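Number of protein chains: 2
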Amino acid sequence: MKPVRTILVQGFRGAGAACGIKKAGKADLALVVSETPCVSDVVFTRNRIFAAPVAWGKALRNRSALRGVIVNSGNANACTGKEGLSAVRTTSEAACAALGLPRDSLLVSSTGVIGVPLPAGKIVAALPRLCASLSAGGIARAGDAILTTDAWPKRGIRKVKVRGKTVTLGGIAKGAGMIAPNMGTMLAYVFTDAALRPADLRKAFRGAVDLSFNRIVVDGDTSTNDTAAVFANGACGLPPLSGKDLSAFSEALRSLLLDLALMIVRDGEGATKVVRVAVTGAASARDAEKGARAVATSPLVKTAVFGADPNWGRVVAAVGRAGIRVDPSRVELTFAGEKVLRRGLRIDRAAERRAAPKIRKDAYGIEVDLGLGKGSHHLYFSDLNHDYIRINAGYRT
Amino acid sequence: MKPVRTILVQGFRGAGAACGIKKAGKADLALVVSETPCVSDVVFTRNRIFAAPVAWGKALRNRSALRGVIVNSGNANACTGKEGLSAVRTTSEAACAALGLPRDSLLVSSTGVIGVPLPAGKIVAALPRLCASLSAGGIARAGDAILTTDAWPKRGIRKVKVRGKTVTLGGIAKGAGMIAPNMGTMLAYVFTDAALRPADLRKAFRGAVDLSFNRIVVDGDTSTNDTAAVFANGACGLPPLSGKDLSAFSEALRSLLLDLALMIVRDGEGATKVVRVAVTGAASARDAEKGARAVATSPLVKTAVFGADPNWGRVVAAVGRAGIRVDPSRVELTFAGEKVLRRGLRIDRAAERRAAPKIRKDAYGIEVDLGLGKGSHHLYFSDLNHDYIRINAGYRT
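Protein sequence lines correspond, in order, to chains A and B. Position in the first sequence (first residue = 1) + 387 = this note's numbering. Position in the second sequence (first residue = 1) + 387 = this note's numbering.
Here it is in structure tokens:
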């Protein structure tokens, strides 16, 4: 699951630059643009406190034929009021003009510190340089410029054979923790040269997001800026995908987004492990989700995962307080394939001893079977450890 | 808010002993008993996975005239099935017999490791010694014997003047974190020589619990064993309290429970700070509670509190994801009396600088005014830091 080095998608060009929002000349401005208008879809954070570019983007999403995205890092443009919206407008208008595109052709995103006015002037001043450096190989550089506390870039690529041609999907993402120190956080963009009908792309994208970005938990916090978007420009020359071609595309999209999402968990602030928790046998799917979320966000479970302790008592206690139907005498629990609890009773110390070495690995599963019904849900989460504290307790400076 | 040294309440005797559940001869068995039957009330954990003594106690609560409580520490008797219930029965019968009391005269509690069979034989064997050492001054020793990961004992006392006589309330509690390493956790017992009608005691106790133990958050986890109980034996010689005497008693009970609750937060695993978060101006009281709880359980807020960072962005983001009505342009925020956010906008860096030294203290307040309605709620919570990780990531041994 290493990030790929290059991302080439027909008809898309990208660039990254340093415009001076971040200190020390670090890349903080990213642009990816298609030669032709795209079919696109965008999903945003569900946090009621959302940033100016999210407010702007929600209106844009249903109105414009988008050509790509411009992103600044280092400043979230959140809790910035009317001035914040004005900064988005300035960025959007200047970028579209610099590219010779109609207005409102670009999605605008921001990530970084909350509550500080966005210096749109710095972005505008850097646009000529940024546009001049656009290249087919520049999507990866754009991916570098959107990072904040990330330890490494998140990139992925998928290729799907369709009637003798190759459809490519390239993705870039950022995020280390659902919300980084004082940062507004998770961003992901997928660019594809496939042609798709808007409803088909929307369905494929929302389904893929639900099984990837909506299934990861670092600390349970949700940022003010989360945005995921897909852009399809049809440059591969095929007509809109349908039938089993559409299914193959959807599967590739799902796989790509899951890879990017797991990269974010693995880079979760200080994370040493990624655990897949599955709750099955719940009275309903909603119950299963609430149970899985209670486990994935429990500080006690997360510290036990860090300590490689098969501490099923904490998992059971988290499920018990999730506000869902639970019958203590039916709960069964498996750590890394080793059943440790059967019908609510600890099996024996030997089972825990067998599980112990397996949960020292950097990825494994915890399964909770409630034995009540058919509801099931799974999530991926990271551990809670000293690095998380160190990273997040530091002063903002 | 230092724990008192001695607890004397007319007509109550207490004792603590080491029966061998904990290692190294540490005190692990506590008994407090009244000379006469008590009016009492007991509240239990709302976790659906509850321990055997909780299941047993729920039935007992409405059935028996209780005389006191026997508690073991070191073993939670949770996830122990039918054998667990049988161990409670054995403990209860043997203790009542040893004291010459009718059966079912004692509440039974356990706290400690989950999923390990309770060695009731060790308790039974220690009973003669325990009963022989009962004394008026022994309530504090009973308080010592219920501790697990606590750094220090939690004790409190209140005296109320009623018609020339003195009514005494003495309390002992345990808990450091809502749930300790693999432990089932918060226990609190209040003993009073006041006489009260059952309905009055119940109302006063439930009201006091709601404003104390239900207002504290260490890590958001809820244990399988939480129990709080009050025993009133009427030994002070006054008739049942009513009118303003009852009000004075209720106020003393509230004050005592809040003290004990804050001792638990302050001893919260590794806690360096206790913060009171108040959400006001919410659309409803329920919204206010959900908002306060989202702030109090947010790992990002809790690490910022540890780092003494007036990081209002994290507080606002937590409220925004709480699933409540929020209008970003109306939110106002105060750190330790310093307003840092007005109408959703950061005031200036100077306000944060003024707040910075105040939030280095070990206790302060965060107020969030949503500006929407009259709903309000407050909670006390501790910070999240390296000691929490160290304590909770350790192997169970």
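Just so it is clear, CB atoms sit at the ideal spot from N, CA and C, and this is done for glycine as well. Quantities reported herein were computed from a predicted structural model and do not represent experimental measurements.
| Query | Result |
| --- | --- |
| Tell me the rounded alpha-carbon separation between A:Val662 and B:Lys410. | 33 Å |
| In chain order, what residues of the same chain lie with their CB nearer than 7 Å to the CB of A:Leu486, ignoring the 5 residues before and after it? | Val420 and Cys518 |
| Is there at least one non-hydrogen atom of the ligand GTP closer than 7 Å to the beta-carbon of B:Val419? | Although the ligand GTP was asked about, the structure shown includes no ligands whatsoever. |
| Tell me which residues share the same chain as B:Ala575 and place their Cβ nearer than 6 Å to its Cβ, disregarding the 5 neighbours each side in the sequence. | Ala560, Ala615 and Leu647 |
| With distances taken Cα to Cα, identify the nearest neighbour of A:Lys689 among A:Met650, A:Asn772, A:Ala405 and A:Ile746. | A:Asn772 |
| Could you tell me which chain B residues have their CB closer than 7 Å to the CB of A:Leu514, listed as they occur along the chain? | What A:Leu514 touches in chain B: nothing, since even the nearest Cβ is about 27 Å away. |
| Taking DSSP's pairing of strands, which residues face B:Tyr751 in a bridge? | B:Val662 |
| Out of A:Leu494, A:Ser610 and A:Asp696, point me to the one whose CA is closest to A:Ser427's CA. | A:Leu494 |
| If you scan the segment 516-567 of chain A from start to end, which runs of the beta strand (DSSP E) of 3 or more residues do you find wholly inside it? | 541-549 and 552-561 |
| For A:His764, decide whether its Cβ has a neighbour in chain B, counting only Cβ atoms nearer than 8 Å. | no |
| Could you compute how far the alpha carbon of A:Ser671 sits from the alpha carbon of A:Leu598? | 18 Å |
| Ignoring anything shorter than 4 residues or poking outside the segment 678-766 of chain A, list the alpha helix (DSSP H) runs there in chain order. | 686-693, 699-707 and 736-745 |
| Measuring alpha carbon to alpha carbon, tell me which residue in A:Arg653, A:Ala780, A:Leu416 and A:Arg747 is nearest B:Ser685. | A:Ala780 |
| Taking only three categories from DSSP, how would you classify B:Gly594? | helix |
| Taking only runs of the beta strand (DSSP E) that begin and end inside the segment 476-515 of chain B, which ones reach a length of at least 3 residues, in chain order? | 493-500 |
| State the DSSP-derived secondary structure class of A:Ala780, mapped to helix, strand or coil. | helix |
| Spatial neighbours of B:Glu725 within its chain, please: C-beta separation below 6 Å, excluding the five flanking residues on both sides. | Ala738, Arg741 and Ala742 |
| Going by other Cβ atoms of all chains shown within 10 Å of its Cβ, with 16 needed for buried, is B:Asp735 buried or exposed? | exposed |
| By the criterion of Cβ-Cβ separation under 8 Å, what are the contact partners of A:Ser610 in chain B? | Ala704 |
| Which residue's Cα is closest to the Cα of B:Ile436: A:Ser763, A:Val554, A:Lys761 and A:Ile711? | A:Ile711 |
| To the nearest angstrom, how far is it from the Cα of A:Val706 to the Cα of B:Phe431? | 17 Å |
| May I ask you to verify whether the segment 644-658 of chain B touches the segment 761-770 of chain B, counting CB pairs closer than 8 Å and requiring at least 3? | yes |
| How is B:Asp674 classed by DSSP in three states: helix, strand or coil? | helix |
| Which residues share a DSSP beta bridge with A:Asn434? | Its beta-bridge partners do not exist; DSSP assigns none. |
| Note the first and the last residue of the continuous beta strand (DSSP E) segment covering A:Ala446. | It is not in any beta strand (DSSP E) - A:Ala446 instead sits in the alpha helix (DSSP H) that spans Ala439 to Arg448. |
| Excluding the 5 residues preceding and the 5 following A:Asp632 in the sequence, name in chain order all residues of the same chain whose CB lies nearer than 7 Å to its CB. | Val549 |
| A:Ser785: which of A:Gly731, A:Arg392, A:Ser479 and A:Pro515 sits nearest, CA to CA? | Only positions 388 to 784 of chain A appear in this structure, which leaves residue 785 of chain A out of reach. |
| Give me the subset of the segment 577-595 of chain A whose CB atoms are less than 9 Å from a CB atom of chain B, sorted by chain position. | none |
| Name the residue from B:Ala619, B:Arg680 and B:Lys552 whose alpha carbon lies nearest to the alpha carbon of B:Ile603. | B:Arg680 |
| Determine which residues of the segment 422-444 of chain B have a Cβ less than 8 Å from any Cβ of chain A, and write them out in chain order. | Arg433, Asn434, Arg435, Ile436 and Phe437 |
| Reducing DSSP to helix, strand and coil, say where A:Leu395 ends up. | coil |
| Is A:Pro686 close to chain D? Criterion is C-beta to C-beta, closer than 8 Å. | Protein chains in the displayed structure are A and B, and chain D is not among them. |
| Check whether the Cβ atoms of A:Ala704 and B:Asn462 lie closer than 8 Å to each other. | no |
| Below 6 Å CB to CB, which residues in the same chain sit around A:Met570 once its five sequence neighbours on both sides are set aside? | Any answer about A:Met570 is weak, because its pLDDT of 48 lies below 50 and its placement is not dependable; what the coordinates show is given next. Answer for A:Met570: Gly499 and Thr535, listed in chain order. |
| Any idea if B:Glu422 is buried or exposed, counting beta-carbon neighbours within 10 angstroms, 16 or more meaning buried? | exposed |
| Hey, could you find the ends of the alpha helix (DSSP H) B:Ala622 is sitting in? | Premise fails: B:Ala622 is in no alpha helix (DSSP H) and is neither H nor E. |
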